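Chemist: I have a structure I would like to understand better, so I am pasting it below and will then ask my questions one at a time.
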Amino acid sequence: MAGESQIPTQAAVKRRFAVSLALFYSAFFAVLGTHMPFFPVWLKAIGIDAAWIGLINALPAITRFTTLPQVAAFAEKRHAIRAGIMVSVLATAIGFAAVGLQQQPLALFLIYALTCMMWTPTMPLTDAYALRGVARYGLDYGPLRLWGSAAFAAGSLACGYLVDSIAARDLIWVIVAWALVAVLASLRLQPLDDLRRRTTETHAGKALLHDAGFWAVIASAALIQSSHIAFYTFSAITWQLHGYGGLTIAGLWTLGVIAEIVVFALSPRFSLHPSSLMAIGGLSAVVRWIVTASEPSLPLLAIVQLGHGLSFGLTMVGTMNLLVQRVSSHQIARGQGYYAACNGLLGATTSIASGAIYARIGEGLYYVMAAMAAAGALVIWSARHRLKAHPHSEGEGG
């Protein structure tokens with residue numbers, strides 16, 4: 002009887018974990034869904050010029066390869082991932098509120114930099130927490146994470162609706178409000194038993210650093226994904242100049258997220274080699290940016306936005322599958338770290354450069370992004386035989 006009495010208790014704990022994590026993913030991605038498309042609009046509304054906008058929007062990417070690894074490692078070393086999430090989102094909410102009180106570019110830049118130092122580690126910390134719970138309770142990661150993508154779209158749509166109802170100078174407070182919701186959601190996250198990390202070899206990363214195939218994967222992914230930076234930073238501003246309202250802008254962003262969700266959902270059925278998926282993703286980005294640069298009509302722009310499922314989603318699926326194949330299990334965290342750092346470095350550089358380029362040639366910037374995506378597709382296509390012929394095996398020891 003004692004064993005039977007424990008079953009509903011365990012099921013209830015499992016359910017609470019799943020619900021609380023899904024709620025937090027939803028709240029956190031709602032922040033992203035309002036911040037990504039409309040933070041540049043707010044910056045423009047308070048008088049920040051295009052060069053400063055590009056510089057300020059580079060800060061999240063910069064912190065991904067500078068302070069993020071240190072914050073995440075500190076939380077893991079202290080076996081305080083859940084506490085780290087709570088502190089991170091609370092600091093994020095406070096930071097965005099402080100940003101909202103600024104109008105001078107330099108002061109805004111410095112406060113936003115401090116905010117990003119605590120904000121960007123939230124996602125990897127949350128994924129680490131989620132994967133520990135998945136392993137403990139036998140859950141599936143996908144259905145939990147899917148709520149985040151859905152909330153991103155919902156947050157973007159809600160903010161787009163508000164753009165037509167409130168002054169653009171007040172958009173920052175919508176972001177702050179969602180950040181406060183994320184703080185409340187973090188308080189519901191369930192404690193998990195600490196999992197002590199096994200000691201790893203001192204030189205565990207040397208094999209990766211000398212693996213040309215591995216570097217081809219992360220270089221290609223960084224080029225293709227960073228080609229989206231101009232879109233993330235200036236699409237909403239450009240569409241406003243073309244006369245599109247906030248709800249239309251949010252709807253265009255939502256189409257891209259929906260396409261991304263569909264690709265992720267169907268990805269287990271893909272039969273092409275991951276390197277081919279990445280190459281297709283890169284070529285799709287080339288087409289997407291060339292069409293976007295030509296100032297397409299709204300119907301064509303909507304179709305182009307659906308291409309996000311290929312340019313972003315398919316590239317991501319191919320990248321993750323290749324990293325799993327190429328990197329041994331005891332080095333996967335290190336491999337992901339190199340991948341995040343490479344993405345952050347190139348993303349930050351691209352964001353800074355895109356501000357200056359946009360100030361000079363406007364939507365011609367998308368042609369530069371198309372060239373980046375083409376370079377990424379070429380890199381992975383050139384390495385396809387190496388990646389197909391020499392996949393990683395555990396017996397090789399990395």
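For the sequence shown, my numbering assigns the number 2 to the initial residue and increments by one for each residue that follows.
From the three backbone atoms N, C-alpha and C, an ideal C-beta is built for every residue, glycine too.
If you're wondering where the values come from, they're calculated on a predicted model, not measured in any experiment.
State the Cα-Cα distance for the pair Ser6 and Phe18, rounded to the nearest angstrom.
Modeler: The pLDDT assigned to Ser6 is 46, lower than 50, so where the model puts this residue is not dependable, and the model offers no usable value.
Chemist: Thinking Gly282 and Gly319 are a contact (beta carbons under 8 Å), I'd like their distance in whole angstroms, please.
Modeler: 6 Å
Chemist: List, from N- to C-terminal side, the alpha helix (DSSP H) runs of 4 residues or more that fit wholly inside the segment 257 to 309.
Modeler: The segment 257 to 309 contains these whole alpha helix (DSSP H) runs: 275 to 294 and 299 to 307.
Chemist: Cβ atoms of Ala186 and Leu33: under 8 Å apart, would you say?
Modeler: no
Chemist: Among the candidates Val14, Ser157, Trp120 and Met119, whose CA atom is the shortest distance from the CA of Gly257?
Modeler: If we check each option's Cα against that of Gly257, Ser157 comes out closest.
Chemist: So, under 8 Å CB-CB, Leu126 and Ile63 are touching, yes? Tell me the CB distance rounded to an integer number of Å.
Modeler: Contact doesn't hold; Cβ gap of about 18 Å is too wide.
Chemist: Span of the alpha helix (DSSP H) holding Arg83?
Modeler: Ile82 to Gly101
Chemist: Rounded to whole angstroms, how far is the Cβ of Tyr26 from the Cβ of Leu145, which I believe are closer than 8 Å?
Modeler: Sure, about 6 Å apart at Cβ, within 8 Å.
Chemist: When DSSP labels each residue in this structure, what does Pro1 get in the three-state scheme?
Modeler: Since the first residue shown for the chain is 2 and the last is 399, residue 1 is missing from the structure and cannot be characterised.
Chemist: Using only alpha-carbon positions, find the residue among Ile259, Ser298 and Thr239 that is nearest to Phe39.
Modeler: Checking every option, the nearest Cα to that of Phe39 belongs to Thr239.
Chemist: Where Leu366 and Ala31 are concerned, what is the direct C-alpha to C-alpha distance, given to the nearest angstrom?
Modeler: 28 Å
Chemist: So, does the segment 66 to 74 touch the segment 105 to 124, judging by three or more C-beta pairs under 8 Å?
Modeler: Yes, the segment 66 to 74 is in contact with the segment 105 to 124.
Chemist: Of all the alpha helix (DSSP H) runs that stay within the bounds of the segment 153 to 235, which reach a length of 4 or more residues?
Modeler: Counting only runs of 4 or more, we get 172 to 187, 207 to 210 and 213 to 227.
Chemist: Apart from the five residues on each side of it in sequence, which residues of its chain come closer than 8 Å, Cβ to Cβ, to Asp212?
Modeler: Once the five neighbours on either side are set aside, the close Cβ partners of Asp212 are Arg327.
Chemist: How many Å lie between Val164 and Leu302 at the Cα?
Modeler: 20 Å
Chemist: Report yes if the CB atom of Thr234 is closer than 8 Å to the CB atom of Pro41, and no otherwise.
Modeler: yes
Chemist: Please classify Phe75 as buried or exposed, where buried requires at least 16 neighbouring CB atoms within 10 angstroms.
Modeler: Phe75 comes out exposed.
Chemist: Put Ala13 into one of helix, strand or coil per three-state DSSP.
Modeler: helix
Chemist: Find out if the Cβ-Cβ distance for the pair Leu315, Leu267 is shorter than 8 Å.
Modeler: Not closer than 8 Å, so no.
Chemist: When the Cα of Ala98 is compared with those of Ile250, Tyr130, Ala59 and Leu172, which residue comes out closest?
Modeler: Across the set Ile250, Tyr130, Ala59 and Leu172, the C-alpha of Leu172 shows the shortest separation from the C-alpha of Ala98.
Chemist: Looking at C-alpha atoms only, which residue of Arg83, Tyr113 and Ala94 is the closest neighbour of Asp128?
Modeler: Arg83
Chemist: Does the separation of the CB atoms of Gly310 and Ala374 fall below 8 Å?
Modeler: no
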